[in-house]
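In our numbering, the protein residues as written are -3 to 473.
Positions of the beta carbon are idealized from the N, C-alpha and C atoms, including for glycine.
Since we're looking at a predicted model, the values are computed, not measured.
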RNA sequence: CGGGGAGUAGCGCAGCCUGGCAGCGCACCUGCCUUGGGAGCAGGGGGUCGGCGGUUCAAAUCCGCCCUCCCCGACCA
């Protein structure tokens, strides 16, 4: 077994191991929580960027780049927003030996800097909607323990920010962002539950937040994406006004949404196994690895055949690579590329050349498929699709299995101790009851179903008073 | 921030108690040979033993101070 730790029984250790051995991240950097994304990891991000960027542009977003420096007074302009992020903002206080009169923060998110510019750009309803996207790095200097990709001090993300003339348009924008995200998650074969966050867990300064929680194998959930309806909270704070057709003035209605490199942690956790990573085909740096099977005196023939197959696949738009090195045995390569998570392996040796065929081996189930050369491209594409579909089905099955129901505190406690997962239960709406859950069981009220009023089926799981909502509770990263 | 553990080659570790040439496995380089599930043989390269100071003829080893990382807890958008 290539990995020393078992995914099922030692998930935390397995995760740390797979992140490093699958060459996703090298965290041997001088600064805790700020790591190197290696080609096999950054490649996932680049492909996510391509997918998202295409959709964002198709829906009228434009890419911008804003400064990463945010003066304190600007960040402070929306009080709730500031107090939400203040504890983890990194500040520049000195330049050389000279102390700055006003310290400058490194963006923990870009609302403040962006909206201060929006107020300069937006004059009238004819300037709306404004749909801004930015790809950038973010700094959130957690003093507590960091964890590769799950909680880094510096990470990459995309952030969409829009301004609209009406609340209804902003509502529509929230939905559009969700459609874009759900399409991406589908490409990544991730499953999730969509929740409207409770008040106390709403993005600082937002009217409400919608988030995607993905069930990880250890029973905890990971937020893989989020979208906020900001209402007029920020436009009032940053004075983003526009003139309406009737001549009146109003503050714009805003939304923001984001997906970060954290999602790579979800990809690894969902699809990896004890052999290593398994990168979903749509985002894998290498989709097909070609391994020549050499035999004495037949090196050149095999090498030539492998190169020919490589060309064919590349010309068909498939991200293929051939490992022609002869100082590693084919067995070693099989294991290596399984560790790296390449979804499909193609073997070609003297026997195959004679029969004018190749052998495909699926990373997800190890199945070997013999393919005539003239069907090569089609079979490879079909198999990549089949792998993705298998991963997707497994993912949704996991979500289904992770949800359970509890009426009483004792039941939650029991479920928490046995398998965790997502627990459907009832809540009175009092934040104190949420605190009790967090303190006693370290589980959080993650939210309510978004477009579905669910009738409480019991009294509040903590205090026993009348429940107002059906909520979903989980232990989160 | 509190409690515990650990820093020796890229990785994993031994050596420390009892001071005396800095080692082992994997990885890496060269050559031969091999290749359909992690081959073999031979040769080779790589070290501020976390840092600073002290004791000593002599420190990876003993003493002091500091730094970093990991685990548990607290805290945390």
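Please state the DSSP three-state secondary structure of residue i.
i: residue 178; result: helix
i: residue 321; result: coil
i: residue 158; result: strand
i: residue 138; result: coil
i: residue 6; result: coil
i: residue 369; result: helix
i: residue 57; result: coil
i: residue 252; result: strand
i: residue 143; result: strand
i: residue 215; result: coil
i: residue 347; result: helix
i: residue 279; result: helix
i: residue 314; result: coil
i: residue 127; result: strand
i: residue 31; result: coil
Under DSSP, the beta strand (DSSP E) around residue i begins and ends at which residues?
i: residue 400; result: 399 to 401
i: residue 236; result: Neither: residue 236 is in no beta strand (DSSP E) and is coded neither H nor E.
i: residue 205; result: 204 to 211
i: residue 245; result: 245 to 247
i: residue 101; result: 94 to 102
i: residue 418; result: 418 to 423
i: residue 440; result: 440 to 445
i: residue 192; result: 189 to 192
If we ignore side chains and look at the alpha-carbon of each, how far apart do residue i and residue j end up?
i: residue 158; j: residue 76; result: 20 Å
i: residue 405; j: residue 182; result: 35 Å
i: residue 300; j: residue 346; result: 11 Å
i: residue 479; j: residue 434; result: Residue numbering for the chain in the displayed model covers -3 to 473; residue 479 lies beyond these limits and cannot be assessed.
i: residue 253; j: residue 132; result: 14 Å
i: residue 293; j: residue 383; result: 36 Å
i: residue 237; j: residue 285; result: 55 Å
i: residue 220; j: residue 233; result: 28 Å
i: residue 415; j: residue 261; result: 20 Å
i: residue 20; j: residue 271; result: 15 Å
i: residue 208; j: residue 189; result: 6 Å
When the Cα of residue i is compared with those of the options, which residue comes out closest?
i: residue 274; options: 17, 6, 397; result: 17
i: residue 217; options: 191, 241, 239; result: 191
i: residue 142; options: 31, 248, 393; result: 31
i: residue 69; options: 61, 399, 109; result: 109
i: residue 325; options: 296, 27, 289; result: 289
i: residue 135; options: 151, 66, 144; result: 151
i: residue 463; options: 328, 5, 453, 471; result: 453
First and last residue of the alpha helix (DSSP H) that includes residue i?
i: residue 353; result: It is not in any alpha helix (DSSP H) - residue 353 instead sits in the beta strand (DSSP E) that spans 353 to 358.
i: residue 331; result: 326 to 336
i: residue 452; result: No alpha helix (DSSP H) holds residue 452; DSSP gives it neither H nor E.
i: residue 43; result: 35 to 54
i: residue 260; result: 258 to 267
i: residue 284; result: Per DSSP, residue 284 belongs to no alpha helix (DSSP H); it is in the beta strand (DSSP E), 284 to 288.
i: residue 114; result: 107 to 117
Leaving aside the five residues before and after residue i along the sequence, list all residues of the same chain whose C-beta is less than 8 Å from its C-beta, in chain order.
i: residue 280; result: 39, 40, 43, 315, 337, 338, 339
i: residue 176; result: 48, 51, 52, 55
i: residue 251; result: 156, 157, 158, 160, 166, 169, 170, 173, 223, 224, 225, 226
i: residue 361; result: 386
i: residue -2; result: 17, 270, 271, 272, 331, 334, 335
i: residue 328; result: none
Quick one: what's got a C-beta closer than 7 Å to residue i's C-beta in the same chain, skipping five residues either side?
i: residue 380; result: 277, 283, 339, 340
i: residue 247; result: 228, 231, 232, 236, 237
CB-CB under 6 Å to residue i, same chain, minus the five flanking residues each way: which ones, in chain order?
i: residue 185; result: 276, 384, 387, 388, 391
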